[in-house]
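Right, one structure below, let's go through it.
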Amino acid sequence: MTLNGYPMVGASNDAAASALCPNDQQTNLLAAKIASVAAEKAKKEAEARAAAQFKAKAERDSLDLEECRAELIRLKAQLQEAQDAAKDSISASATAKSTIDSLQKDVAALRTSRDELKSQLSQCISERDGRANELANMTRDRDHFSSELDRRTAELKEKTFDHLAVLMERDSVLDALKERDSDLKDRDLQLDGGGVTVRRIVWGPRDLTNDNNISQKVEHYVNNGWNIPFTNDFFGGDPDYGNRKYGSIIFCKSRRIEGWENENHSVA
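Heads up, our numbering is the position in the sequence shown plus 1, with the first residue counted as 1.
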């Protein structure tokens, strides 16, 4: 049973309700109608609340969708940045790899150069030690030569003094000889004009004064007025063959005959 199109509570008991008294039946119908209106109102309120909740949820979902869209755009931008960064990173990685390869080659070359420099340094150290030993030897030799030079300088000074003493003695002897020769000349001037007496005969390095044969030959030449031939043949040869020689003959009457001969041929 319905009331104004709405089902009535207890409609299945229509027969029982019809059995009631008229007043009770109207009361029940009114109550049923009130209950139906209340139920409809509650239903509409529930539907309104549900619609409001749905609308609010739809608005929230719309806001969430907008936020999701904004987040998606932001994520897309981040993705693009990440992709660009990845490309840059790949390019930088390739550049870094190329740089690393180049650096590794440079390191290998530097290691080779280092090994070569170590070898050269070792060789230089060895040469330095060798030169140091040579320098030490040269220093010892220098000291030895310096000592030897000092010793020989002292000897030279001593010999120089000895030489000066010899020269002084020679000069003294020469002075004595000159004095004696002067005495001999003065004595010879007092002799008569008899035969020639040979005082001294010199030919080259030899003193022939005591050679009787040469003395007689010289006296014979002089007494006859002949010139003395200053040759090796006349004086009986000489060990200084081919050398320029000085000949000197001194007579008792202060007569002096001198001559030069350059002997450059065979001597008998």
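Even glycine gets a Cβ: it sits at the ideal position worked out from N, Cα and C.
Small disclaimer: the values here were computed from a predicted structure and weren't measured.
Aspartate 234 carries a coil assignment under DSSP once its states are collapsed to helix, strand and coil. Beta-carbon to beta-carbon, isoleucine 250 and valine 199 are separated by about 7 Å, close enough to satisfy the 8 Å threshold. Considered as a whole, the region 85-119 harbours no complete run of any alpha helix (DSSP H) with no fewer than 4 residues.
DSSP places glycine 205 outside both helix and strand once states are collapsed to three, so it counts as coil. Using a 10 angstroms sphere on the CB of phenylalanine 236, the tally of other CB atoms reaches 16 or more, which defines it as buried. Boundaries cannot be given for isoleucine 229, as no alpha helix (DSSP H) includes it and DSSP labels it neither H nor E. DSSP places threonine 161 within a helical segment (H, G or I) once states are collapsed to three. Each residue's CA atom was taken as its position, placing alanine 177 and methionine 169 some 12 Å apart. Counting along the chain, asparagine 213 sits inside the alpha helix (DSSP H) bounded by residues 213-224.
CA-CA distance, methionine 139 to lysine 179, rounds to 56 Å. A residue is called buried once 16 or more other Cβ atoms fall within 10 Å of its Cβ, and valine 219 is buried on that count. Straight-line spacing of the CA atoms in aspartate 142 and arginine 152 works out to 15 Å. Residue burial is scored here from C-beta neighbours: isoleucine 74 has fewer than 16 other C-beta atoms within 10 angstroms and is therefore classed as exposed. Rounded to the nearest whole angstrom, the C-alpha separation of leucine 31 and alanine 39 is 12 Å.
Leucine 209 counts as buried, since at least 16 other C-beta atoms from the protein chains shown sit within 10 angstroms of its C-beta.
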